[in-house]
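In what follows, a structure is listed as C-alpha cells, so that the remarks can point back to it.
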C-alpha cells in the first residue's frame, strides 16, 4: 500500500499545474489512498418461497475475506455558496466455499456439498453540500471547525454466485440512492497536524446507512499531506428483493494536497 500511495502522490503532483495552488477565495483538498475493508453481516436475494433459506453470511457462507481498495475524496470550499465534498469508496469481495446447506439466491437453488464462487461489488459515491459554523475558526484562532450539511450516497450493488461446474449461477444488480445528513469536526492543535472526524447517516424507509471516519493528518511539505485513520460503514438495504444487513470497517492510509 505504501508504494501505491507514493506513486499516486507523484502523479497527482505531475498532473496539477503550479498556478492551481492559489485560487482566490477557494480552498481545495484532494486525497487518494487505500482502505483495508473487513466485511461482516448477511445478504439475501429473496426467492419469495416460504420456508426456503436465502440468508447468506458474507464470511461463513460466501468465504469473503479482507480486501484493500483505492478510495478518493475531494473538498472544495467556496465563498457564500455551499461547500462541496466528493468521496468514492469502491468495494469488491470474492470467495469460494463448499456449502453445507441448501439455499436459494433469487430463483436459483444451490445444494449442500456444492462448491460455489461468489462475488460482491458495492461501490459507494458521496456528494455532499455543507457549511462551516460561522466565525468558529476565527474565534478559535483556526484551531477548531465544525461542518454540517446534507449528503447523497449512491450505492451500486452487484452480487454473483455460481457453482464450480457453472451449471447453476445467479446474479442481481441494484442502484440505491440514499439522502443523508453530514457532520464533521476538525481540530488543529498545531500548525502542521490535525485530527478530523466525519459522520454521515440517515434512515429512509427500509434503507439505513451510518458511516463514520476518524482521521489524523500531517502536512509533509508545502501543500502535501499524509493521513491515516479508521472507517466504519453500517448498511441495511431492503430494495428490489435484495436484503442486506452488512458492515465494512478497517484502517486506511491516504496522501493528498491542500491548497
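Numbering (our numbering), first residue to last: 53 to 311.
We put the CB at the ideal spot given by N, CA and C, even for glycine.
Only a predicted model underlies this, so the values are computations on that prediction, with no experimental measurement involved.
Spatial neighbours of residue i within its chain, please: C-beta separation below 8 Å, excluding the five flanking residues on both sides.
i, result
"residue 194", "240"
"residue 115", "147, 148, 149, 170"
Identify, in the order they occur along the chain, each residue of the same chain with its Cβ nearer than 6 Å to the Cβ of residue i, setting aside the five sequence neighbours on each side.
i, result
"residue 150", "167"
"residue 225", "210"
"residue 169", "148, 214"
"residue 262", "253, 286"
Can you name the start and end residues of the beta strand (DSSP E) that residue i belongs to?
i, result
"residue 108", "107 to 109"
"residue 77", "From DSSP, residue 77 is part of no beta strand (DSSP E); its letter is neither H nor E."
"residue 218", "Per DSSP, residue 218 belongs to no beta strand (DSSP E) and is neither H nor E."
"residue 173", "167 to 184"
"residue 262", "259 to 273"
"residue 125", "119 to 129"
Could you pull the start and end residues of the alpha helix (DSSP H) that residue i belongs to?
i, result
"residue 188", "188 to 191"
Would residue i be called buried (16 or more neighbouring beta carbons within 10 Å of its own) or exposed?
i, result
"residue 292", "exposed"
"residue 257", "exposed"
"residue 244", "exposed"
"residue 154", "exposed"
"residue 80", "buried"
"residue 180", "buried"
"residue 74", "Low local confidence applies: a pLDDT of 49 at residue 74 is under 50, so the model's placement there is unreliable, with the coordinate-based value given in what follows. Exposed, since its Cβ has fewer than 16 Cβ neighbours within 10 Å."
"residue 277", "buried"
Does DSSP put residue i in a helix, a strand or coil?
i, result
"residue 230", "strand"
"residue 293", "coil"
"residue 207", "strand"
"residue 298", "strand"
"residue 82", "strand"
"residue 116", "coil"
"residue 311", "coil"
Name, in chain order, the residues that DSSP records as bridge partners for residue i.
i, result
"residue 196", "239"
"residue 303", "282"
"residue 163", "Note: residue 163 sits in no beta bridge, so no partner."
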